[in-house]
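Here's the structure, in structure tokens; my notes come after.
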Amino acid sequence: MEYVIRFLAGGAVVSLFAVLGDVLRPKSFAGLFGAAPSVALVTLGLAFWKESPAYVATEARSMVLGAIALAAYSVVVCQALIRGRVAALYATLVALALWLAVALGLERLFVG
Amino acid sequence: MLIRFKLLALKETQAHDYLVRFGLGGLATVFAGLIADLFGPETGGLFLAFPAIFCASATLIEKHERERKARKGLKGSERGRGAAALDAAGAAWGSAALIIFACVVWAEADGMATVVLGFAGLVWLIAATAFWFFRRSLHPE
């Protein structure tokens, strides 16, 4: 049941931020919403509700590392589209491997 | 006005695009929870900043821009890529603001959920907007 709530709430919040990104102009400003804390709001909200403050703090601390990986991912996708002249789908999918490598690498380095 | 709403842009997005983004968003949230349940909050927390719907959004932006140019009889693949790249550049600044969001929650984890998340969300919006103005002052569009 909890996973159903996660799916519905996550889908709704992500969609809301995506629609904001659709209607806001200029496009560079709308792009900010591609890194909105949509999944985080739902997941941390549930963690606040059913877990301890220490659990929430640990999850948020790791999120800092995930966000650094997201920044690296966004920069690489941007450069691949401009300089590499590759399609958006290809660039965004291939760069997911980079996100994973940076996020897990930083976790190994700082969390252990 | 510098930042504005263009509600007509909603007409360019089709129903199945909304469904795809809803589905991907829901799956990413379930996945983040699953990872935290299986490997603990240390690894689960990383996935709170997973680029969940970035692929779908960037592809959609590229497609809309390409179609807009095609309607004028022009080849719009380069413009499409440019629009998607602009979106990615914005997301990079949004990510910097996301680091601040996470730090606020980390520091205030023993507070009330609605207050902490509401405050952290507001801080994200202010920081992201400030970063955008800073970027714009460096590279006026």
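In order, the protein sequences belong to chains C and Z.
So the first sequence is numbered by our numbering: it starts at 56 and just counts up by one.
So the second sequence is numbered by our numbering: it starts at 111 and just counts up by one.
Using N, Cα and C, we set each Cβ at its ideal position, and we do this for glycine too.
Close beta carbons around residue i, own chain, < 6 Å, minus the five adjacent residues each side
| i | result |
| --- | --- |
| Z/G190 | E172, E175, R176 |
| C/L136 | A146 |
| Z/A146 | G154 |
Partners in chain Z for residue i, counting only beta-carbon separations shorter than 8 Å
| i | result |
| --- | --- |
| C/L96 | L227, G231 |
| C/R163 | Near C/R163 there are no residues of chain Z at all, since even the closest Cβ is about 10 Å away, more than 8 Å. |
| C/K82 | I171, A193, L196, D197, G200 |
Segment limits, alpha helix (DSSP H) that includes residue i
| i | result |
| --- | --- |
| C/V94 | 93–105 |
| Z/I145 | 125–149 |
| Z/F229 | 223–248 |
| Z/G192 | 187–217 |
| C/F165 | 143–165 |
Residue(s) in a DSSP beta bridge with residue i
| i | result |
| --- | --- |
| Z/F115 | C/L79 |
Proximity below 8 Å, CB of residue i to CB of residue j
| i | j | result |
| --- | --- | --- |
| C/F62 | Z/G155 | no |
| C/V94 | Z/T224 | no |
| C/P92 | Z/G231 | yes |
| C/V119 | Z/I236 | no |
| Z/K116 | C/V78 | yes |
Own chain partners of residue i with C-beta closer than 7 Å, once the 5 adjacent residues on each side are dropped
| i | result |
| --- | --- |
| Z/A180 | G186 |
| C/Y128 | A150, L153, W154 |
| C/G65 | V94, V97 |
Neighbourhood of residue i by C-beta, 8 Å cutoff - its chain only, sequence neighbours within 5 removed
| i | result |
| --- | --- |
| C/A102 | Y110, V111, E114 |
| C/G86 | G76 |
Partners in chain Z for residue i, counting only beta-carbon separations shorter than 7 Å
| i | result |
| --- | --- |
| C/G66 | F132, G133, G135, G136 |
Beta-carbon neighbours of residue i, restricted to chain C and to distances below 8 Å
| i | result |
| --- | --- |
| Z/R114 | L79, R80 |
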